[in-house]
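There are 2 protein chains.
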Amino acid sequence: MKYFFLAMGFELTVLGNSSATPVYNRNLSAQVLKVLEHFFLIDCGEGTQTQLRKFNISINKINNVFISHLHGDHYLGLLGLISTMHLFNRDKELHIFAHPDLEKIINIYLQCSNTVLCYPLVFHSLTYDKSEKIYEDKNITVNTIVLDHRIECCGFVFKEKEKPRKINKEITDKYNIPVYELNNLKKGSDYTDKKGNIIRNSELTFAPSKPSSYAYCSDTKYCESIIPLIKNVDMLYHETTFMSEKQDIAVEKFHSTTIDAADIAKKAQVKKLIIGHFSARYKELEPLLNEAKNIFKNTAIAEEGVTYNIS
Amino acid sequence: MKYFFLAMGFELTVLGNSSATPVYNRNLSAQVLKVLEHFFLIDCGEGTQTQLRKFNISINKINNVFISHLHGDHYLGLLGLISTMHLFNRDKELHIFAHPDLEKIINIYLQCSNTVLCYPLVFHSLTYDKSEKIYEDKNITVNTIVLDHRIECCGFVFKEKEKPRKINKEITDKYNIPVYELNNLKKGSDYTDKKGNIIRNSELTFAPSKPSSYAYCSDTKYCESIIPLIKNVDMLYHETTFMSEKQDIAVEKFHSTTIDAADIAKKAQVKKLIIGHFSARYKELEPLLNEAKNIFKNTAIAEEGVTYNIS
Numbered sequence: 001m002k003y004f005f006l007a008m009g010f011e012l013t014v015l016g017n018s019s020a021t022p023v024y025n026r027n028l029s030a031q032v033l034k035v036l037e038h039f040f041l042i043d044c045g046e047g048t049q050t051q052l053r054k055f056n057i058s059i060n061k062i063n064n065v066f067i068s069h070l071h072g073d074h075y076l077g078l079l080g081l082i083s084t085m086h087l088f089n090r091d092k093e094l095h096i097f098a099h100p101d102l103e104k105i106i107n108i109y110l111q112c113s114n115t116v117l118c119y120p121l122v123f124h125s126l127t128y129d130k131s132e133k134i135y136e137d138k139n140i141t142v143n144t145i146v147l148d149h150r151i152e153c154c155g156f157v158f159k160e161k162e163k164p165r166k167i168n169k170e171i172t173d174k175y176n177i178p179v180y181e182l183n184n185l186k187k188g189s190d191y192t193d194k195k196g197n198i199i200r201n202s203e204l205t206f207a208p209s210k211p212s213s214y215a216y217c218s219d220t221k222y223c224e225s226i227i228p229l230i231k232n233v234d235m236l237y238h239e240t241t242f243m244s245e246k247q248d249i250a251v252e253k254f255h256s257t258t259i260d261a262a263d264i265a266k267k268a269q270v271k272k273l274i275i276g277h278f279s280a281r282y283k284e285l286e287p288l289l290n291e292a293k294n295i296f297k298n299t300a301i302a303e304e305g306v307t308y309n310i311s
Numbered sequence: 001m002k003y004f005f006l007a008m009g010f011e012l013t014v015l016g017n018s019s020a021t022p023v024y025n026r027n028l029s030a031q032v033l034k035v036l037e038h039f040f041l042i043d044c045g046e047g048t049q050t051q052l053r054k055f056n057i058s059i060n061k062i063n064n065v066f067i068s069h070l071h072g073d074h075y076l077g078l079l080g081l082i083s084t085m086h087l088f089n090r091d092k093e094l095h096i097f098a099h100p101d102l103e104k105i106i107n108i109y110l111q112c113s114n115t116v117l118c119y120p121l122v123f124h125s126l127t128y129d130k131s132e133k134i135y136e137d138k139n140i141t142v143n144t145i146v147l148d149h150r151i152e153c154c155g156f157v158f159k160e161k162e163k164p165r166k167i168n169k170e171i172t173d174k175y176n177i178p179v180y181e182l183n184n185l186k187k188g189s190d191y192t193d194k195k196g197n198i199i200r201n202s203e204l205t206f207a208p209s210k211p212s213s214y215a216y217c218s219d220t221k222y223c224e225s226i227i228p229l230i231k232n233v234d235m236l237y238h239e240t241t242f243m244s245e246k247q248d249i250a251v252e253k254f255h256s257t258t259i260d261a262a263d264i265a266k267k268a269q270v271k272k273l274i275i276g277h278f279s280a281r282y283k284e285l286e287p288l289l290n291e292a293k294n295i296f297k298n299t300a301i302a303e304e305g306v307t308y309n310i311s
């Protein structure tokens, strides 16, 4: 039963949904995507290590950090997190995917504190001219989404790979199929028995669940060029710094309104939209939610501490 | 009545008492000293702006920030605070007193986020070879206290200046002393009336209250050279990262134990000691307090959110 639970994991936990400054108990941008037992940290605003602790996410499980851009509200928590990992004697690699200038900032930070980390920090510099695949393991790929912000900025789309077909144990037992054949069946092969009879794969296996996908888009002005990259994703996080009445300010500051985000969600035909990165001017968030829902019904607030099952 | 309340102000509010990493709802080093209506921020660990908001201290009232050293747990919150002040359209100068390398860090941070602050940031580089006066206004002086830590580090001693004598209105009215003489009386002058009679100042005024003083010492190993600088202060904050059983580790890491701090308080004959900068290994703080109290009775935990009246 436990294994089944773990295998389900494509879950997002939101740690912060405030833009620029922490207000009304809202924290700065940070999210954790859990894929099986792998934890991916997406942005890391000030206070992220406190939020991780609050929501019982072990910092030692985080091996990959993706930083969208170098406005402080999206990365200042990373410096303290790096130090805390050092304090707790981490030995595993920590991979950071970010703008190359972040490496300079981390290096000057470590130099000034006279710290030589006890674990390897592996830095992966992002580029911002076109979408690129920046990460791959046996379960997922991560591609950048080039956004349109005041400084170089990208989002990230996490896509599960095609999963193996599931063995129909009742049928494979009936045909006495040997264990060493199961991997081939999972890959879709038919089975030929000793007498040369072919048993179709579709009889021996079930179709796997559809691969899950999640796209994170913060910060950006309305930007239709991202639509092909996030088309049909199971869940889209899109920033909504402002309500639609502040459209002019949104454009000026390279941010999005609720309607911008909902429009993008609708045009990209995503399954679900969660919105965040709210301006400090909004104490109540329901008006923002309602505005977005008018255009894209399956919208929710990206609530801190809530874990969204994307599977 | 209000004026009387304000005039009383020499108050310290503790915002964080955790060392290195935030744990058990304990935050990183930061304190606000309020002298009359002037707010001095002392260290600024990650999360300080959230703590300021939590305890209703307006960030706009902070004009001077004193950073002891460049370990992240003592200054990483400053970068976000600088940005929040910008977001809220500050126009007053912000003065930062810190190691010169912090200016480099702030500059690279601002460059990377393509930010030109809307207010003047005035940087004052500290030196670490001897104590120096780094700040003075009509009410107080601030001197550094050179500490013995793994990197260059100093504490700060805030001393109120001698206050003017208080007019005894009943007596000055009796002698019909003109208003323009009152300032001279406050400074201690006698009064000579038109007939040449001398009325002694001691008859016309009350002695002012004794100037208050506060010393902040974090981080440091046991360091007797600081004693002359903090002699007789009304309140001393001294770090106590470890209990006495961890004396070896304290020395190795250039930190103090409870007993080190209490010894210093006793030798410096301070009025009150508050202790903080607790290691993440201690969930309960009472044992640390008890150890310190065995040596210096008037000791308290530097509790977050508590305001200590030093007057």
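Line order of the protein sequences matches chains A and B.
Per the numbering used here, the very first residue in the first sequence carries number 1; after that it's consecutive.
Per the numbering used here, the very first residue in the second sequence carries number 1; after that it's consecutive.
Ideal placement from N, C-alpha and C gives every residue a C-beta, glycine not left out.
In the three-state reduction of the DSSP assignment, TYR109 (chain A) falls in the helix class. At least one beta carbon of chain A lies nearer than 8 Å to the beta carbon of HIS71 (chain B).
The straight-line gap separating the alpha-carbon atoms of ILE264 (chain B) and TYR222 (chain B) is approximately 8 Å.
In the same chain as ILE227 (chain A), and ignoring 5 residues on each side of it, the C-beta atoms closer than 7 Å to its own belong to ILE264, LYS267, ALA268, in chain order. With respect to GLU303 (chain B), VAL14 (chain B) sits close: the two C-beta atoms are nearer than 8 Å. At a cut-off of 8 Å between beta-carbon atoms, ILE151 (chain A) makes contact with chain B. LYS283 (chain B) and ARG26 (chain A) have their C-alpha atoms some 26 Å from each other.
Sequence-ordered contacts of the segment 282–299 of chain B with chain A are nonexistent [C-beta pairs closer than 7 Å]. Interface criterion not met: the Cβ of ALA30 (chain B) is under 8 Å from no Cβ in chain A. Excluding residues up to 5 positions away in sequence, LEU28, LEU76, GLY77 lie with their Cβ nearer than 6 Å to the Cβ of GLU46 (chain B) in the same chain. VAL146 (chain A) counts as buried, since no fewer than 16 other beta carbons sit within 10 angstroms of its beta carbon. Those residues of the segment 58–82 of chain B placed with their C-beta closer than 8 Å to a C-beta in chain A are LEU70, HIS71, GLY72, ASP73, LEU76, GLY77, LEU79, GLY80, ordered along the chain.
Of all residues in the segment 35–51 of chain B, those with a C-beta nearer than 7 Å to a C-beta of chain A are GLU46, GLY47, GLN49, THR50, reading in chain order. If you check the CB distance, SER213 (chain B) and PHE158 (chain B) come in under 8 Å. Under the Cβ distance rule, CYS112 (chain B) counts among the residues neighbouring chain A, one pair being separated by less than 8 Å.
Here THR172 (chain B) carries a helix assignment [DSSP, helix/strand/coil]. Taking the CA atoms as reference points, GLU152 (chain B) sits about 8 Å from HIS99 (chain B). Secondary structure of MET243 (chain B) (DSSP, three-state): coil. Short of 6 Å from the beta carbon of SER202 (chain A), and not among the five residues preceding or following it, lies no beta carbon of its own chain. ALA261 (chain A): member of the alpha helix (DSSP H) spanning 258–267, first to last residue.
Between THR299 (chain B) and LEU289 (chain B) the beta-carbon gap is near 7 Å, inside 8 Å, which marks them as a contact.
When rounded, the separation of the alpha-carbon atoms in GLY196 (chain B) and LYS163 (chain B) is 29 Å.
Between the alpha carbons of LYS272 (chain A) and ASP193 (chain A) lies a distance of about 46 Å. Considering only beta carbons, the part of the segment 99–125 of chain B lying closer than 7 Å to chain A consists of ASP101, LYS104, ILE105, ILE108, TYR109, CYS112, SER113, ASN114, in chain order.
Taking the Cβ atoms as the reference, PHE40 (chain A) lies roughly 10 Å from LYS61 (chain A), outside the contact range of under 8 Å.
LEU236 (chain A) has a beta carbon lying at 8 Å or more from every beta carbon in chain B. With a threshold of 8 Å between beta carbons, LEU273 (chain A) makes no contact with chain B.
Rounded to whole angstroms, ASN56 (chain A) and GLY305 (chain A) show a C-alpha spacing of 10 Å. Residue B:GLN31 holds the alpha-carbon nearest to the alpha-carbon of THR48 (chain B) among B:GLN31, B:LEU36, B:GLU37, B:VAL35. Taking a C-beta cut-off of 7 Å against chain A, the contacting residues of the segment 8–20 of chain B are ALA20, listed in chain order. Comparing C-alpha distances from ALA261 (chain B) to each of B:PHE97, B:GLU252, B:ASN183, B:ASN294 shows the shortest one belongs to B:ASN294.
Bounds of any beta strand (DSSP E) do not take in LEU70 (chain B), whose DSSP letter is neither H nor E. The Cβ atoms of TYR191 (chain B) and ILE177 (chain B) lie closer than 8 Å to each other.
Taken atom to atom, the span from the alpha-carbon of TYR237 (chain B) to that of LYS174 (chain B) is near 46 Å. Here MET235 (chain A) is bridged, per DSSP, to A:TYR214, A:LYS272.
DSSP places GLU46 (chain B) in no alpha helix (DSSP H); its state is neither H nor E.
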